[in-house]
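Protein chains in written order, with the working numbering: chain A, 5 to 240; chain B, 5 to 240. Right, one structure below, let's go through it.
Protein chains: 2
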Amino acid sequence: MAHPQNRPGQGRRRASHSMESVLTETVALLDEAGAPALTFRALAQRLGGGVASIYWYVANKDELLDLATDHVIGSILADIERLPDSDDPIDDLRAMALALFDAIVDRPWLGAYFMRNTDAQSNSLRLYERLGRQTLRLDLTPRQRFHAVSAIVGVVVGSAVDLGQEPPQEVLDGAVDRDQFLGRAAQAWRELDPKDYPFVHEIIDEFDGHDDADQFRSALELTLAGLRLQAGQAGA
Amino acid sequence: MAHPQNRPGQGRRRASHSMESVLTETVALLDEAGAPALTFRALAQRLGGGVASIYWYVANKDELLDLATDHVIGSILADIERLPDSDDPIDDLRAMALALFDAIVDRPWLGAYFMRNTDAQSNSLRLYERLGRQTLRLDLTPRQRFHAVSAIVGVVVGSAVDLGQEPPQEVLDGAVDRDQFLGRAAQAWRELDPKDYPFVHEIIDEFDGHDDADQFRSALELTLAGLRLQAGQAGA
DNA sequence: GCTACGATAGAACAACGTTCGATGCTGTGC
DNA sequence: GCACAGCATCGAACGTTGTTCTATCGTAGC
Chain A
5 MAHPQNRPGQ GRRRASHSME SVLTETVALL DEAGAPALTF RALAQRLGGG VASIYWYVAN
65 KDELLDLATD HVIGSILADI ERLPDSDDPI DDLRAMALAL FDAIVDRPWL GAYFMRNTDA
125 QSNSLRLYER LGRQTLRLDL TPRQRFHAVS AIVGVVVGSA VDLGQEPPQE VLDGAVDRDQ
185 FLGRAAQAWR ELDPKDYPFV HEIIDEFDGH DDADQFRSAL ELTLAGLRLQ AGQAGA
Chain B
5 MAHPQNRPGQ GRRRASHSME SVLTETVALL DEAGAPALTF RALAQRLGGG VASIYWYVAN
65 KDELLDLATD HVIGSILADI ERLPDSDDPI DDLRAMALAL FDAIVDRPWL GAYFMRNTDA
125 QSNSLRLYER LGRQTLRLDL TPRQRFHAVS AIVGVVVGSA VDLGQEPPQE VLDGAVDRDQ
185 FLGRAAQAWR ELDPKDYPFV HEIIDEFDGH DDADQFRSAL ELTLAGLRLQ AGQAGA
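Here it is as structure tokens:
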């Protein structure tokens, strides 16, 4: 697909890319500075080329994001395919979901684009297949299997969206870090009237200094417990 | 907060708005044509005023979206507060989650901005409180309560994100409707090798012509079943 | 009537995605 | 060796967006 082999040296004027390098630099840009930093001009500068050149590889920005997303999902998929099957398909589902979540923690921008377009994202489909295959080992109807995988993906996406929120400017500036920011929100909650907000006060200490991973694991555990019940399995 | 009472008549040149009218028209614009249609120029035209005037009411577009989101969540909250408490807190949680989901089906753009910023979105916090209050009726630790509400909100958001995806251009044009579009994707899946994609083939008929509401209800049911188990309740 | 200020608006700015047209590079047929 | 074709590149320009600047209008209080 991409003919021009990279010959970097010799102080050339014209840059020569490849689909691979475009996607690699796109992901690097997203990793380093988040989604708003991904502009065609910034990407072109990184690639040492012109803006319009990128359009030779992708039709538009949506496609660029789809391909970049699929690119990293490819490596996540490789990790997941490396996981060995255990006796318990639900344990395997948990392990896969956790691997997925960990990858999104490393790349918060993924949350927004994850599983957006299964046409351009063939690795997403492979991942979906891989998750679903575990449900084939459970005693369920096809419809239940379909819904089970949707539910698990939904839990991951639901948590990922939380993580993917662009933090306010003051956090990006480094003036305050994420914990301080959340702590400040917690403080505002504490000042609410306990009569009007009994639940908020009940959980305020849990919210303050909470761990996103714990939160995700708990949500996942509820879904998996429900699934285990549905499959008529007694317990682990 | 907003002094100028609307006196619409008399062929005036200068428009006079109010926070209320700005948010109402913002929501109307979002409802009619989705998030990409919301521009300051389009909004100003609807309001019969100038672009810069909007900046007297909101600091920037993010705040406009936060306030508009909170505005509609206010009416959702009113619906939810109207729901009577039953014997079973989990039944009540289900009813509230379903009401929430229905509202997002009507306004797919909500999914993207839902519960983004609890500072500017005071109704979101009230909604969160309302959900959590049901968990106070269950035998759980504060941490479990916190995670339970997060999980339920996560399921809603996870499903909402699916719904909130801007459909491809051909669907917006009306050339093909959403069912046809999904049916075409299903057809592509059918052509995959069943050896490589056993799960996809297992559930392809379920996917084709599936109902989003069913999908959401199933995911919610798994979480609620897990929660019931955790609370040590025998069953409904 | 004058003034202070709440509220409005047009014009301009910078940044973005995208398109256009021209230009360079490289392998192929003679 | 040379022209040609087409792949790949790039600078400049276009239209649209969020946002800011500055000037202006209208009304409440002296």
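C-beta: ideal position from N, C-alpha, C; glycine also.
Check	Outcome
Residue-chain proximity (GLN14 (chain B), chain A), Cβ-Cβ < 8 Å	Since pLDDT at GLN14 (chain B) reaches only 38, below the 50 mark, its modelled position is unreliable, and the value read off the structure follows with that caveat. For GLN14 (chain B), the answer is no, since every Cβ of chain A falls outside 8 Å of its Cβ.
Near-chain B residues of the stretch 222 to 237 of chain A (beta-carbon distance less than 9 Å), N- to C-terminal order	SER222, ALA223, LEU224, GLU225, LEU226, THR227, LEU228, ALA229, GLY230, LEU231, ARG232, LEU233 and GLN234
Selected residue, minimal CA-CA separation from VAL161 (chain B), among B:ARG188, B:ALA189 and B:ARG120	B:ARG120
Residue-level contact to chain A via CB, GLN189 (chain B), 8 Å cutoff	According to the sequence as given, residue 189 (chain B) is Ala; it is not Gln. Chain A, which has a Cβ nearer than 8 Å to the Cβ of ALA189 (chain B), makes this yes.
Cβ pair ARG134 (chain B), GLU85 (chain B) closer than 8 Å	yes
Neighbouring residues, chain A, relative to GLU174 (chain B) (Cβ below 7 Å)	Those within 7 Å of GLU174 (chain B) in chain A number zero; the least Cβ separation is about 12 Å.
Local Cβ density within 10 Å of ALA192 (chain B), reported as buried at 16 or more and exposed below that	exposed
Residue-chain proximity (ALA155 (chain A), chain B), Cβ-Cβ < 8 Å	yes
Any 3 or more C-beta pairs closer than 8 Å across the stretch 141 to 156 of chain B and the stretch 220 to 236 of chain B	yes
Same chain only: Cβ atoms within 7 Å of ARG232 (chain A), ignoring 5 sequence neighbours per side	ILE94
Where SER163 (chain A) meets chain B, residues with beta-carbon distance less than 7 Å	GLY158
Counted within 10 angstroms of its Cβ, other Cβ atoms place SER30 (chain A) as buried (16 or more) or exposed	Strictly speaking, residue 30 (chain A) in this sequence is Thr, with Ser absent from that position. Under this definition THR30 (chain A) is a buried residue.
The stretch 49 to 64 of chain A touching the stretch 94 to 106 of chain A, judged by at least three CB pairs closer than 8 Å	no
is_contact[THR122 (chain A), chain B] using C-beta, thresh 8 Å	yes
Check whether PHE211 (chain B) and ARG137 (chain A) have beta carbons under 8 Å apart	no
CA-to-CA distance, PRO40 (chain A) to TYR61 (chain A), given in whole angstroms	21 Å
Selected residue, minimal CA-CA separation from LYS199 (chain A), among B:TYR201, B:PHE105, B:ARG130 and B:TRP113	B:ARG130
Contact residues within the stretch 189 to 205 of chain B, judged by C-beta distance below 7 Å to chain A	ALA189, TYR201, PRO202, PHE203 and VAL204
THR145 (chain A) burial status per 10 Å Cβ neighbour count (16 or more: buried)	exposed
Assigned exposure category for GLN125 (chain A) - 16 Cβ within 10 Å defines buried	buried
Whether ASP89 (chain B) touches ASP96 (chain B) by CB criterion (8 Å)	yes
Three-way DSSP call (helix, strand, coil) for TRP193 (chain A) in this model	helix
Residues near ILE208 (chain B) by beta carbon distance below 7 Å, same chain, minus five either side	ALA190, TRP193 and ARG194
Residues near VAL175 (chain A) in its chain [Cβ-Cβ closer than 8 Å; skip 5 each side]	ASP181, ARG182 and PHE185
Straight-line Cα distance separating ASP166 (chain B) from ASN127 (chain A)	18 Å
For LYS65 (chain B), the first and last residue of its enclosing alpha helix (DSSP H)	65 to 86
Which listed residue (B:SER25, B:MET23, B:GLU24 and B:ALA37) has its alpha carbon closest to that of GLY168 (chain B)	B:ALA37
7 Å Cβ shell around ALA229 (chain A) - same chain, five flanking residues per side excluded	none
CA nearest to the CA of THR28 (chain A), picked from A:ALA56, A:LEU81 and A:ASP74	A:ASP74
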